[in-house]
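Everything below concerns the one structure shown next.
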Amino acid sequence: MSNAVVKSKEVTLLEILDRVLDKGVVISGDMVISVADVDLIYLGLKVLLSSVETMEKLRGSPFISPMQEAK
Amino acid sequence: MKLYLYGIINSSDQIKEPIYGLKGSNVYNIPFCDIGAVISEIENPIQDVTEGAVLEHEAVVEKLMANFAVLPARFQTIIDGRDSLLSMMQSYYRDFKGNLERFHNKCEFGIKVIWPADKVKANILKVLKKDEQKILESDNSSSKRFIKKKFEGYKIDKEFEAKADKFIKVMDIFFSRFAAEKKLEKLKTKNLLLDAVYLVEKDRENDFREAFGHIKSGPLGLKYLFSGPWPPYNFVVLSKKSDLLRDSEQADLFDKVTRCQALAGVDSI
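Residue numbers (the working numbering), protein chains in the order written: chain A, 13 to 83; chain B, 1110 to 1378.
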């Protein structure tokens, strides 16, 4: 697998994590079993993956649509 | 048995094609009035957030998006049984309906724009120094030099922001033409000039992509990350916090559900 494809997939994963772990319908209340760890894990991933340094590493390859790449 | 929620859809019908969710579980729709909660049964909350589990969640939501308006649920939303799910659906029904109507036939696109912040600042400083030189030549007083020095940093930051605004404005003009809604975040980090999401009608998707193509091939010399189409994760707005139902509401709940089911032609849930 080429370096560009690997990087593109990393970006795709970052985009997915950014949405799935932090956005969308967030239900609160007693009917929902809360899993507090998700926030902590998300925070860790966010720092790890969406840091400027990580984005800077991608500068060597063209930013094509990661969704297209993934499919 | 706990219920793992993938999303809310604008249909009370059963999903026609089989969809498999976390750990290969069967995914199905639990109707409430004219909408539905798409779930699979789960014994215990997932302890580890793995890449595979996140991708499985997202895959279900994307499959739903192909046929329905969908409100994607956040990963790891687990409801404590059917009664709780129905309480939740009742509590949020109006919010869910409103969002589903907004999202009908629309999807989300993400655009990140990266610029070389240090280079931009260096150029600003260069221009400032040039101006400063002119002033120093005409007025070489120490007080003037002091003030210039003092405000140099401030001016750089101000100019940096102004440049960012200018770039973002140009780009947003292109994208907004084809978007129903948008959310823009400027300079999340100094290099991340723009982190934007746009809600786009599905039949304007190609126009939106073309607009991106124009910007990307333009003279701005920036780096871009374009992603989508996504389920509209970033545009879900819930105004109502889930409340515990009062006794009277609790008593009315199952009556209402029964009426809704009758309207929707559903025998049991």
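C-beta atoms are modelled at their ideal positions from N, C-alpha and C, and glycine is treated no differently.
Less than 8 Å separating the beta-carbons of residue i and residue j?
i, j, result
"residue 1158 of chain B", "residue 1170 of chain B", "no"
"residue 1237 of chain B", "residue 1265 of chain B", "yes"
"residue 1186 of chain B", "residue 39 of chain A", "yes"
"residue 1215 of chain B", "residue 1310 of chain B", "yes"
"residue 1115 of chain B", "residue 1151 of chain B", "no"
"residue 1268 of chain B", "residue 1233 of chain B", "yes"
"residue 1308 of chain B", "residue 1160 of chain B", "no"
"residue 1194 of chain B", "residue 1144 of chain B", "no"
"residue 37 of chain A", "residue 1182 of chain B", "yes"
"residue 1335 of chain B", "residue 1287 of chain B", "no"
"residue 1119 of chain B", "residue 1177 of chain B", "yes"
"residue 1184 of chain B", "residue 26 of chain A", "no"
"residue 1138 of chain B", "residue 1147 of chain B", "yes"
"residue 1299 of chain B", "residue 1226 of chain B", "yes"
"residue 1174 of chain B", "residue 1340 of chain B", "yes"
"residue 1131 of chain B", "residue 1149 of chain B", "yes"
Under 7 Å between beta-carbons, which chain A residues line up against residue i? List them in chain order, please.
i, result
"residue 1136 of chain B", "Per Cβ cutoff of 7 Å: no residues; residue 1136 of chain B is ~16 Å from chain A at best."
"residue 1269 of chain B", "Simply none; closest approach about 15 Å."
"residue 1219 of chain B", "27"
"residue 1339 of chain B", "31"
"residue 1303 of chain B", "Within 7 Å Cβ-Cβ: nothing; residue 1303 of chain B doesn't reach chain A, min ~12 Å."
Which two residues bound the contiguous beta strand (DSSP E) that contains residue i?
i, result
"residue 1169 of chain B", "Looking at the DSSP string, residue 1169 of chain B is not in any beta strand (DSSP E); the run it does join, the alpha helix (DSSP H), is 1160 to 1176."
"residue 1310 of chain B", "1301 to 1310"
"residue 1344 of chain B", "Taken as a continuous stretch (DSSP letters only), residue 1344 of chain B belongs to no beta strand (DSSP E), as it is neither H nor E."
"residue 1146 of chain B", "1144 to 1151"
"residue 1330 of chain B", "Segment: none, residue 1330 of chain B is in no beta strand (DSSP E) and carries neither H nor E."
"residue 1131 of chain B", "Here residue 1131 of chain B belongs to no beta strand (DSSP E), and DSSP marks it neither H nor E."
"residue 1139 of chain B", "1135 to 1141"
"residue 39 of chain A", "Counting along the chain, residue 39 of chain A falls outside any beta strand (DSSP E), and DSSP gives it neither H nor E."
"residue 33 of chain A", "That residue, residue 33 of chain A, is in no beta strand (DSSP E); it is neither H nor E in DSSP."
"residue 1190 of chain B", "No beta strand (DSSP E) contains residue 1190 of chain B, which DSSP labels as neither H nor E."
"residue 1111 of chain B", "1111 to 1118"
What residues from chain A crowd round residue i, counting only those whose CB sits closer than 9 Å?
i, result
"residue 1345 of chain B", "35, 36, 37, 38"
"residue 1163 of chain B", "25, 28, 29, 32, 33"
"residue 1181 of chain B", "31, 32, 35, 36, 37"
"residue 1141 of chain B", "Those within 9 Å of residue 1141 of chain B in chain A number zero; the least Cβ separation is about 13 Å."
"residue 1117 of chain B", "37"
State the CB to CB distance for the pair residue i and residue j, rounded to an integer number of angstroms; the pair is presumed to be in contact (CB under 8 Å).
i, j, result
"residue 1117 of chain B", "residue 1205 of chain B", "5 Å"
"residue 1142 of chain B", "residue 1201 of chain B", "About 12 Å separates the two Cβ atoms, so there is no contact after all."
"residue 1188 of chain B", "residue 1111 of chain B", "7 Å"
"residue 1220 of chain B", "residue 1276 of chain B", "Between residue 1276 of chain B and residue 1220 of chain B the Cβ distance is about 12 Å, and since that is not below 8 Å, they are no contact."
"residue 1229 of chain B", "residue 1272 of chain B", "6 Å"
"residue 1292 of chain B", "residue 1343 of chain B", "6 Å"
Over the uninterrupted alpha helix (DSSP H) stretch that includes residue i, give me the two end residues.
i, result
"residue 1320 of chain B", "1314 to 1325"
If the cut is a Cβ gap below 8 Å, which residues of chain A does residue i touch?
i, result
"residue 1323 of chain B", "Within chain A, no residue comes near residue 1323 of chain B; the closest Cβ sits about 15 Å away, beyond 8 Å."
"residue 1307 of chain B", "Ordered by position in chain A, no residue passes the 8 Å Cβ test against residue 1307 of chain B, which lies about 14 Å from the chain."
Worksheet item: Hey, which unbroken runs of the beta strand (DSSP E) at 3 residues or more fall wholly within the stretch 1210 to 1295 of chain B?
Response: 1215 to 1223, 1288 to 1295
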